[in-house]
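All remarks here apply to the structure that follows.
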Amino acid sequence: GAEVCVADLDERAAEAVAGETRGLAVACDVTRRDSVEAAFAKICERYGGVDIVVSNAGRAWQGRIGEVEDRTLRDSFELNFWAHQTVAQAAVVVMSRQQTGGCLLFNVSKQAIDPGPKFGAYGLPKAATLALMRQYAVDHGRDGIRASAVNADRIRTGLLDEAMIASRAKARGVSPETYMSGNLLGLEVTADDVAAAFVHLALSEKTTAAVLTVDGGNIAASPR
């Protein structure tokens, strides 16, 4: 029932997804404040405001943390932390003016809680984004703005592509199928499962500062 806007660095990719919902596609570089603010201006011009934001951009830089280059770590923080802060700030400006509350949702990944080997450059800013979510819940709850996160793992996306799946499975001596279902339930988790979690949090009007784990069961990544 929502009016949907899809923002992406690749405008054609955004248009392809937005077309499925007859929504708005916006070209946006989330690492640039001016681009983010321009995107929100277009959204407000089209729909009159913003109620729900899913902050989902990310990239998994790799390398042992004691060897990773400063530039790599800084680039990762720009996208995996600062971009989420810039998007959330822009959203809060609009939501505060509306005075009708709102919902900020962040994709934080299991790396925020259960760091994996050679993924520190990715996991460190994700952990910071998890803390960012909690801070928004604390500071803006009085404005009726909720903030929560989805903690997912092993989802087939542009981030975890077939080549990376094959590489990680080979390193563990298992098949790609076994690797993708390597959780307590023995089931592969899909992007649709993650999307359903975001929708659930968006509709949970009395829930904030929550971390919803979507990984088929991984005790090490469980927040409690």
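Every letter in the sequence shown is one number past the one before it in this note's numbering, and letter 128, counting from 1, is 196. Backbone N, C-alpha and C fix where the C-beta goes; we use that ideal spot for every residue, glycine too. What you are looking at is a predicted structure, and each value in this text was computed from that prediction instead of being measured.
Among the options, the one whose alpha carbon lies nearest that of residue i
i, options, result
"residue 275", "155, 106, 217 and 233", "217"
"residue 154", "197, 182 and 177", "197"
"residue 227", "119, 75, 82 and 128", "128"
"residue 116", "139, 141 and 162", "162"
"residue 283", "255, 266 and 195", "255"
"residue 46", "233, 234, 123 and 266", "Within the shown structure, residues of the chain are numbered from 69 to 292, placing residue 46 beyond reach of any answer."
"residue 134", "188, 97 and 108", "188"
"residue 291", "178, 95 and 149", "178"
"residue 229", "240, 244 and 219", "244"
"residue 114", "192, 231, 71 and 183", "71"
"residue 148", "98, 76 and 92", "98"
"residue 287", "137, 87 and 219", "219"
"residue 48", "239, 146 and 174", "Residue 48 lies beyond the stretch modelled for the chain, which goes from 69 to 292, so this question has no answer here."
"residue 89", "199, 69 and 248", "69"
"residue 192", "150, 213 and 77", "150"
Residue i Cβ short of 7 Å to the ligand SAM heavy atom set
i, result
"residue 289", "Here there are no bound small molecules, and the ligand SAM is not part of this structure."
Whole-angstrom C-beta distance between residue j and residue i, which should lie under 8 Å
i, j, result
"residue 54", "residue 211", "With the chain covering only 69 through 292, there is no way to say anything about residue 54."
"residue 186", "residue 131", "6 Å"
"residue 172", "residue 215", "4 Å"
"residue 221", "residue 289", "6 Å"
"residue 285", "residue 251", "5 Å"
"residue 268", "residue 253", "Not quite, the Cβ-Cβ distance comes to about 18 Å (not below 8 Å), so this is no contact."
"residue 235", "residue 190", "Not quite, the Cβ-Cβ distance comes to about 15 Å (not below 8 Å), so this is no contact."
"residue 96", "residue 109", "So it is not a contact: roughly 11 Å between Cβ atoms."
"residue 156", "residue 204", "6 Å"
"residue 94", "residue 81", "No, residue 94 and residue 81 are not in contact; Cβ-Cβ is about 12 Å, not under 8 Å."
"residue 233", "residue 259", "Not a contact, Cβ separation roughly 14 Å."
Cross-strand partners of residue i (DSSP beta bridge)
i, result
"residue 271", "DSSP output for residue 271 lists no bridge partner at all."
"residue 175", "218"
"residue 281", "219"
"residue 169", "According to DSSP, which records beta bridges pairwise, residue 169 is partnered with nothing at all."
"residue 120", "171"
"residue 75", "94"
"residue 131", "187"
Practice task
Tell me, please, whether the region 85 to 102 touches the region 159 to 167 by the rule of three or more beta-carbon pairs shorter than 8 Å.
Solution key: no
Handout entry: alpha helix (DSSP H) segments (min. 4 residues) lying fully within the region 188 to 218
Key = 188 to 208
Handout entry: Minimum length 3: unbroken beta strand (DSSP E) runs contained in the region 77 to 114
Key = 92 to 95
Problem - Segments assigned alpha helix (DSSP H), at least 4 residues, entirely inside the region 219 to 265 - result: 230 to 240 and 244 to 248
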